[in-house]
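Undergrad: Chains A and B supply the protein sequences, listed in that same order. At position 687 of the first sequence (counting the first as 1) the number is 687 in this note's numbering, and the numbers step up by one without a gap. Quick note: to get this note's numbering, add 724 to the position in the second sequence (first position is 1).
2 protein chains.
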Amino acid sequence: MFETNVVRTSTFGQLSCMLSYLLRLNRCKQLRSDYAIEKGAMVDLCVMRRRGAVFALSFMLIVSNSLARAQVPLPVMPLPATAVQGTGSLLVDPGLQIVFEGYTEPRLERARTRFFNVLSRETGAPTIPARTSKEVKFIIKTAGPSAIVQQLREDESYHLEVTATGVLLTAPNPLGILHGLQTFLQLVHSTPEGYAVATVTIDDKPRFPWRGLMIDTGRHFIPLEVIRENLDGMEAVKMNVFHWHLSEDQGFRIESKIFPLLQEKGSDGLYYTQDQVRGILQYARDRGIRVVPEFDMPCHTTSWFVGYPDLASGSGPYQIERRWGVFDPAMDPTRESTYQFLDQFVGEMTALFPDAYFHIGGDECNGKEWDANPRIKKYMQTNHLRDNAALQAYFTGRVQKLVAKHHKTTVGWDEVLQSDTPHDVVIQSWRGPDSLAEAARRGYRGILSAGYYLDLNQSAADHYAVDPLANGMPALSPAQRANILGGEATMWTEFVSPENINSRIWPRAAAIAERLWSTQDVKDINSMYRRLDTLSQKLAYYDLPYQSVSEQMLRRLSSYTDSPSLQVLASVVQPPRDYAREDLKPYDVFSPLNRLVDTVPPESDKAREFNEIAARIAAGKAVSADWQKAHQWLVLWRDNDAVLQPLLTKSSLTTELVPLSRNLSQTATIGLFALDTLQNNQRVSVKMQKEQMSKLKELENPEAVLVNMVVPGVEVLVRAARTR
Amino acid sequence: MFETNVVRTSTFGQLSCMLSYLLRLNRCKQLRSDYAIEKGAMVDLCVMRRRGAVFALSFMLIVSNSLARAQVPLPVMPLPATAVQGTGSLLVDPGLQIVFEGYTEPRLERARTRFFNVLSRETGAPTIPARTSKEVKFIIKTAGPSAIVQQLREDESYHLEVTATGVLLTAPNPLGILHGLQTFLQLVHSTPEGYAVATVTIDDKPRFPWRGLMIDTGRHFIPLEVIRENLDGMEAVKMNVFHWHLSEDQGFRIESKIFPLLQEKGSDGLYYTQDQVRGILQYARDRGIRVVPEFDMPCHTTSWFVGYPDLASGSGPYQIERRWGVFDPAMDPTRESTYQFLDQFVGEMTALFPDAYFHIGGDECNGKEWDANPRIKKYMQTNHLRDNAALQAYFTGRVQKLVAKHHKTTVGWDEVLQSDTPHDVVIQSWRGPDSLAEAARRGYRGILSAGYYLDLNQSAADHYAVDPLANGMPALSPAQRANILGGEATMWTEFVSPENINSRIWPRAAAIAERLWSTQDVKDINSMYRRLDTLSQKLAYYDLPYQSVSEQMLRRLSSYTDSPSLQVLASVVQPPRDYAREDLKPYDVFSPLNRLVDTVPPESDKAREFNEIAARIAAGKAVSADWQKAHQWLVLWRDNDAVLQPLLTKSSLTTELVPLSRNLSQTATIGLFALDTLQNNQRVSVKMQKEQMSKLKELENPEAVLVNMVVPGVEVLVRAARTR
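Below is the structure:
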């Protein structure tokens, strides 16, 4: 699919370049909209045009074929700030030699090893140090070191030049080199002559300095190996903050040497030792990634209280929470012993985590334990704390001072922002752009997470559309805008296990990574999906084979029959969006996440494609391949149920899919009827259309916690079959 | 496919049991051949019959359905020595509680953790220590510890009882427990009620005490991670010796602290540190696996000489060998300094590896360096060493004494067996059963590897047919038979990389594991293939996702298009057998192993199935589904080329496949013609048949180092179309 689009788009690109030269008009923007050319291509064309008339003309005449291939957005995610594409290619020999000129350090040498490992997997060719090509050199020049502890606004820029004979990668410090190596790896592709990179000159730097991924390791413990896989993925897409959510009602996940009962009683034995954490910190630093730990308080803290009930506002005893939700247990903000404990604890953790930022959570306090404790009520009266929000603000203020005492800057969720919050606290917004803008206006720095919740099963396009500095955001001054540091994708883990977490984070996190790295005008959704598809395949070479894991889970569901009919069903259903899942079926910590809902990706590519085709058909813009595909798929979906049903009843894992499979068949039957009607230029009666729409409404209801995603496309067809 | 066969076979089983009871005839063997019942099922039926008439009858009448499912060989590989299957099932709750009664040790607790990890992956259900079911208990009783260093003939037996309410696993020592846990994991399967194990009582023990897998880490360095994956696979199929081939002309792969230039100059930096080796030793011991290191000498030793040229018979200098083959460099057996070096080296390595056995290689000396060295020639004359074999025997004798001095027993390849070889030397036979029998007759203990060479791309059935105590072997006395310790699958690594090695070793090594564990009469090939298929799927839960890796490699070949047409071609081709590959194309250490030949499994399941169908058609024994399938597949293969060709020319990795794809199409065209002729009860002319056969002969020639495996089936059809 990528290939096709490349060629089509580039033909337009070629045409527009010629036109713009001949007419001597500087109207790239109009041309772009006239010819529906992708933004990326257009930028490049404009850059090239500036090089002069002769060049552009000879280019057109002599090497139009090469041009045709070259002038599309680079198959890179995130898209670089600027890229000027040339006409030749560099063949990537397995013996490619990387030479460091100027400053170097062990981290860069490890990056080179990692680069060769990925390249070796990507091409299947061995990289043996002894065999280095003398001809093709990959020269790396770094001006000097980066900070010992990676800083928030460090320069991450790089300059990458690929010619037909070599590569030059320069950067002010190693961070840019790390990014440039990743860009190069993404540029490698297979050609009839061998693996190659098309010649290009890239100058790149991030739009936002804070590009994070949060993983909640409290609700489900996530093994170190999976953490490392995600750090690899983050490196590939240039994310630079791993936000490690380490404590929850359901588990306290890190070793404390001062308060060992935290992990001993609060984790079921599932926690990270400090040595393991140090390993992760090193692993992250190697990849240009800061690690910000989060200890959520004063609520979401049940697991702390199992070992240390005196911290709590209730009377205990406490057990590790096994359900999902918002619970009553909360730290007691009124006792000095709480702050003495936290002082020691924060001291221990800030010594372990070198990053300048320290996340204290602060979300979702229901206040019930406070309300129920007369001593706390009395304290609030005495100290003029008029409500629980004020009590929490008091707590946050105290903890923030402890954090500052240990030389760190506090980060907290929306709730920590109160009238007297110190101005160096960073606000992480789960509420939305408004609260973020509000914070920025008041002089607080902020990070956007609303819109980047990977657990809500939204599409990559949905996340992609969310901009920390959206146009819709009320006007901010330049200084206020600078307060918006970036954003973080968040992976809350009620409904993910170590097995499927990667298929929830990836590839969608890459769309968010692009939003945070690339310039604001990079927002073509088709281009994003094409490049996301390419990246998805490449991530397998980063030990992130999440697609294979999904296939394996599907095999398990089919009792190892490799059932194509189960694959057909799986390809068009999705978990419900937002928080619908928890209402459809009871879940807790012990629930096996081994059903189809846990296996399919959060976004169905097949359904998206069908719904796009349906839209083109309804709009009268379909080509004959559209009609063919729609018909073929609808027949497949209609007939699939008959084949699939006997398999479904064989296993306790699949019996729940019986109605869902039937739904798909019924949906397809309606769709086929509409399609035939349209194809024969007929119209259905109002009555029948009504009946069909109401039936489709039913078919849209989730079954087995899954949504049949082709219903919207069929609805479009049915509507068109009446109106057209 | 497995399901279908189970039901069909068991219906026969049921019938035979009833008949055998009613007729009061003890003629299980005849019945088996009459009804084509599988051996395993028959054994069980005969066992059950001994329990008496009433039981057998009520069984038949009341629970015939359950019986129908139960009376087939257990889906376990290797098949246990005896198994009596019951009628109910034990539901495998994720909270299944394992209780140790009697002796226990940390290794058993780690085995429990590992058991739960695999079970958790197999079922997709979390295992959380805090949640253990009080009802379903899995009781483990171990009489006492095993030896501190695992011994060759230690008792590995176990007794496993699964009832509808619990499990009892007993064994004389932890080795049997490890095996019993693996058997249980393989018995778990999905039912409409949930994951379950059918009730059964198993008494199991191995036929041979030495069941090994050799991995050559010299020619291609194999990372630790892959070694660990293979130890996991070995545990799953009860193999108990990891033979670690650590040095080769192409690389010296282990750290020596006494002679550091061995790894520093002989490994390209690709070697295992002693700490890493200790990690592997612990990992293997945890899985009931002995580790036997091999240092191949006096030949295959070029890499030693890069750092220590004085060891060599030639004048040097030496470089790490980059080609494949048999090379001239050989140790100098005539200098005392050689033995002084080896004494120290063997001392260092025997201290590192605790196993009682130490492999000194000894294969493939071409003697050229000895011939070329006048000093060596003179020494031979002086010492009455009449030829190079005698010189090598002298060397082996000296080294064997060094090994013995360090309290180890020498193992060597066939060549080490000479007239005066000490009787405790163990012979590993790469030459074949005859040399093994010869050794056993002369009182030497031996291990069979001929027939178990995984690098030769033979089928699982081929390996399965090779028995260390084959009937064809000249009669041996019981004592002589006891000299045959077992066998070893060998993975030589000229043509495998870390990426695809697992898909070369697995699943075929499991067929060899069964040959070495199960009783001699377990040899039904269909049963083996069915169980191998089930095991293949399960191995993914042991971190051995070799199938996913192949799929990923195929995606890379298709430039990420997920091309179904490339999959079609891939499904029916195989690498050539034996040593044909090296003659078809030049290869060396640097050759990328990223082509289709490196991607497809060594054995095409699809082609095997087609060829079986063709045989049934030719024999007039085909059912209508056979005709249908043959027709459908031949049409698919005929038409595939047209779709595939444009893709193939896009990448340098696939252009070589153009003729192969065309061959498949042409083969299928001939096959379809023959099929039609047969279906219409017509006959082709002798002339046409001749032409077709000669064309097929051509089509059988390898292309792109791959063999079109459906040619034999089509030949069968063409032959039948004339004779029938």
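Backbone N, C-alpha and C fix where the C-beta goes; we use that ideal spot for every residue, glycine too. Note that this is a predicted model, so its numbers are computed, not measured.
Do glycine 412 of chain A and glycine 362 of chain A count as a contact pair if the criterion is CB distance below 9 Å?
TA: yes
Undergrad: So with CB distances below 8 Å, who are the chain A contacts of glutamate 972 of chain B?
TA: By Cβ distance, chain A contributes nothing, its closest Cβ being about 15 Å from glutamate 972 of chain B, past 8 Å.
Undergrad: Using the Cα positions of threonine 837 of chain B and methionine 491 of chain A, report the straight-line distance between them to the nearest angstrom.
TA: 27 Å
Undergrad: State the Cα-Cα distance for the pair methionine 553 of chain A and asparagine 500 of chain A, rounded to the nearest angstrom.
TA: Rounded to whole angstroms, methionine 553 of chain A to asparagine 500 of chain A spans 9 Å at the Cα level.
Undergrad: Just by C-beta distance, which residues in the segment 599–629 of chain A are closer than 7 Å to chain B?
TA: none
Undergrad: How many Å lie between arginine 1046 of chain B and aspartate 1138 of chain B at the Cα?
TA: 26 Å
Undergrad: Leaving out five residues before and five after alanine 1445 of chain B in sequence, what residues of the same chain have Cβ atoms less than 6 Å from its Cβ?
TA: Ala1398, Thr1401, Leu1402, Val1408
Undergrad: State the Cα-Cα distance for the pair valine 1431 of chain B and tryptophan 1351 of chain B, rounded to the nearest angstrom.
TA: 24 Å
Undergrad: Is isoleucine 939 of chain B helix, strand or coil when you go by DSSP?
TA: Judged by DSSP in its simplified three-state form, isoleucine 939 of chain B adopts strand.
Undergrad: Relative to the C-alpha of methionine 963 of chain B, which candidate in B/Arg1169, B/Leu902, B/Tyr1311 has its C-alpha closest?
TA: B/Leu902
Undergrad: Pick out whichever of B/Leu1141, B/Lys1129, B/His1131, B/Asn1097 has its Cα sitting closest to the Cα of tyrosine 1118 of chain B.
TA: B/Leu1141
Undergrad: Using the Cα positions of leucine 1388 of chain B and isoleucine 525 of chain A, report the straight-line distance between them to the nearest angstrom.
TA: Computed Cα separation, rounded: 41 Å.
Undergrad: Mind checking if aspartate 533 of chain A is an interface residue toward chain B, Cβ cutoff 9 Å exclusive?
TA: yes
Undergrad: Using CA atoms only, rank isn't needed, just tell me which of B/Arg1014, B/Glu829, B/Leu1377, B/Asp999 is closest to glutamate 959 of chain B.
TA: B/Arg1014
Undergrad: Between the segment 90–109 of chain A and the segment 210–230 of chain A, do three or more beta carbon pairs fall short of 8 Å?
TA: no
Undergrad: Any Cβ of chain A within less than 9 Å of the Cβ of valine 1273 of chain B?
TA: Flagged as an interface residue toward chain A: valine 1273 of chain B, by a C-beta distance shorter than 9 Å.
Undergrad: Could you list which residues in chain B have their beta carbon closer than 7 Å to that of tyrosine 560 of chain A, in chain order?
TA: Proximity of chain B to tyrosine 560 of chain A at the Cβ level (cut-off 7 Å) is accounted for by Thr1258, Gln1261, in chain order.
Undergrad: List the residues of chain A that glutamate 1223 of chain B touches, going by C-beta distances under 8 Å, in chain order.
TA: In chain order: Arg121, Gly124.
Undergrad: Select from B/Glu1060, B/His1024, B/Phe1219 the residue whose C-alpha is nearest the C-alpha of glutamine 1043 of chain B.
TA: B/His1024
Undergrad: Please state whether DSSP places methionine 688 of chain A in a helix, a strand or coil.
TA: Methionine 688 of chain A falls in the helix class under three-state DSSP.
Undergrad: With DSSP collapsed to three states, give me the class of methionine 77 of chain A.
TA: Correct three-state label for methionine 77 of chain A: coil.
Undergrad: Look up glutamine 1142 of chain B in the DSSP assignment and say whether it is helix, strand or coil.
TA: coil
Undergrad: Can leucine 569 of chain A and leucine 657 of chain A be called in contact, C-beta distance under 9 Å?
TA: yes
Undergrad: Taking a Cβ distance cut-off of 9 Å, strictly less, list which residues of the segment 629–659 of chain A are near chain B, in chain order.
TA: Thr649, Lys650, Ser651, Ser652, Leu653, Thr654, Thr655
Undergrad: Please list the partners that alanine 1264 of chain B has in chain A, where partner means a Cβ-to-Cβ separation under 7 Å.
TA: Gln552
Undergrad: Do histidine 883 of chain B and leucine 876 of chain B count as a contact pair if the criterion is CB distance below 9 Å?
TA: no
Undergrad: Quick check on histidine 245 of chain A: does DSSP put it in helix, strand or coil?
TA: strand
Undergrad: Does the distance from the CB of serine 735 of chain A to the CB of isoleucine 427 of chain A come in under 9 Å?
TA: It is not possible to answer for residue 735 of chain A, since the shown part of chain A is limited to 1 through 724.
Undergrad: Can you pull the chain A residues whose beta carbon is under 7 Å from the beta carbon of phenylalanine 932 of chain B, in chain order?
TA: The contacting residues do not exist; phenylalanine 932 of chain B stays about 30 Å from chain A at best.
Undergrad: Among the residues of its own chain, which have a CB less than 7 Å from the CB of serine 157 of chain A, if the five just before and after it don't count?
TA: Ala171, Pro172, Gly176, Asp204, Lys205
Undergrad: Counting Cβ pairs closer than 8 Å, one from the segment 264–284 of chain A and one from the segment 302–309 of chain A, do we hit at least three?
TA: yes
Undergrad: Can you tell me whether glutamine 1416 of chain B is buried or exposed, with buried defined as 16 or more other CB within 10 angstroms of its CB?
TA: Buried, since its Cβ has 16 or more Cβ neighbours within 10 Å.
Undergrad: Threshold first: 3 residues or longer. Then list the beta strand (DSSP E) segments lying entirely within the segment 1120–1169 of chain B, N to C.
TA: 1133–1137, 1150–1153
Undergrad: With H, G and I counted as helix, E and B as strand and the rest as coil, what does DSSP make of proline 1202 of chain B?
TA: helix
Undergrad: Residues in the segment 159–192 of chain A with C-beta within 8 Å of chain B's C-beta atoms, listed in sequence order?
TA: His189, Ser190, Thr191, Pro192
Undergrad: Mapping DSSP to helix, strand and coil, what is proline 293 of chain A?
TA: Reduced to three states, the DSSP call for proline 293 of chain A is strand.
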